[in-house]
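Take a look at the structure set out below.
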Amino acid sequence: MSQAGKNVDFFEQVWQVVREIPPGRVTSYGAIAKALGAAKSSRMVGYAMNASHAAPVDVPAHRVVNRNGVLTGKHHFTDINTMQRRLESEGVEVIDDRVQRFDELFWDPLTELG
DNA sequence: AAGTTGACCCCGA
DNA sequence: TTCGGGGCCAACT
491 MSQAGKNVDF FEQVWQVVRE IPPGRVTSYG AIAKALGAAK SSRMVGYAMN
541 ASHAAPVDVP AHRVVNRNGV LTGKHHFTDI NTMQRRLESE GVEVIDDRVQ
591 RFDELFWDPL TELG
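Position 35 of the first sequence, counted from 1, bears residue number 525 in my numbering, the numbering being contiguous throughout.
Here's what the structure looks like:
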C-alpha cells in the first residue's frame, strides 16, 4: 500500500481527523495531536492546517482552535472574519475571537473516534 | 547544510 | 492571578 518512502503523511492524518469533526463542534490542536499519538507535536498540527490549502478535499480548519478556545488561526484564513463567520454559521457563538461554551462544544477525537 | 520559524502546550515564579 | 520561558517536531529559507 505504502509506496517506497512515502507512507501516510502527517498532514493527511491531521486533515482526516479534522474532517471527522461534526458541524457545530470544535476541537483543539493538542487533542488532534494526542489522537494521532503525537501529543508533543501539537505545533505540527497547526502547521498541517497551514498546508490545508493543499488538501485534496475541504478541511474545516475553522473548527480547530487552541486549547484555550481562541481562534488563533483566524489570521491565516482568506479573510480574518472568515473563521469566525463560518463558526457562527454553524451555530457556534464566538465573542472576542473566543468560542463560547467551548467545554460543551468541545469534540474530543480520542473519545468520539474511540 | 544549518538555522529559524510556527494556526501550540505545559510548568514555574 | 498574570507573566515568562522552555520544549517539541517538521517544514521552510
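C-beta: ideal position from N, C-alpha, C; glycine also.
Assign residue i to one of three DSSP states: helix, strand, or coil.
{"i": "R588", "result": "strand"}
{"i": "T568", "result": "coil"}
{"i": "V582", "result": "coil"}
{"i": "V554", "result": "strand"}
{"i": "R576", "result": "helix"}
Apply the 10 Å Cβ neighbour rule to residue i and answer buried if 16 or more other Cβ atoms are within range, or exposed otherwise.
{"i": "I511", "result": "buried"}
{"i": "G559", "result": "buried"}
{"i": "E602", "result": "exposed"}
{"i": "S579", "result": "exposed"}
{"i": "L577", "result": "buried"}
{"i": "V508", "result": "buried"}
{"i": "A529", "result": "exposed"}
{"i": "L561", "result": "buried"}
{"i": "S492", "result": "Confidence in S492 is poor, its pLDDT being 34 and thus under 50, which makes the residue's placement unreliable; the coordinate value appears in the next sentence. Exposed."}
{"i": "V547", "result": "exposed"}
{"i": "Q574", "result": "buried"}
Bridge partners for residue i per DSSP, in chain order?
{"i": "S531", "result": "In DSSP, S531 forms no bridge with anything."}
{"i": "V516", "result": "F596"}
{"i": "P549", "result": "The sequence given here has Val at residue 549, not Pro. Beta-bridge pairing links V549 to no other residue."}
Going by DSSP, what residue range makes up the alpha helix (DSSP H) through residue i?
{"i": "I522", "result": "Y519 to A525"}
{"i": "L600", "result": "P599 to L603"}
{"i": "V508", "result": "F500 to R509"}
At least three beta-carbon pairs within less than 8 Å, the region 567-578 to the region 542-558
yes
Contact the region 572-591 vs the region 519-528: 3+ CB pairs below 8 Å
no
Can you confirm whether the region 535-549 touches the region 501-517 when touching is taken to mean that 3 or more C-beta pairs between the two stretches lie within less than 8 Å?
By the Cβ criterion, the region 501-517 is in contact with the region 535-549, since at least three pairs of Cβ atoms, one from each stretch, lie closer than 8 Å.
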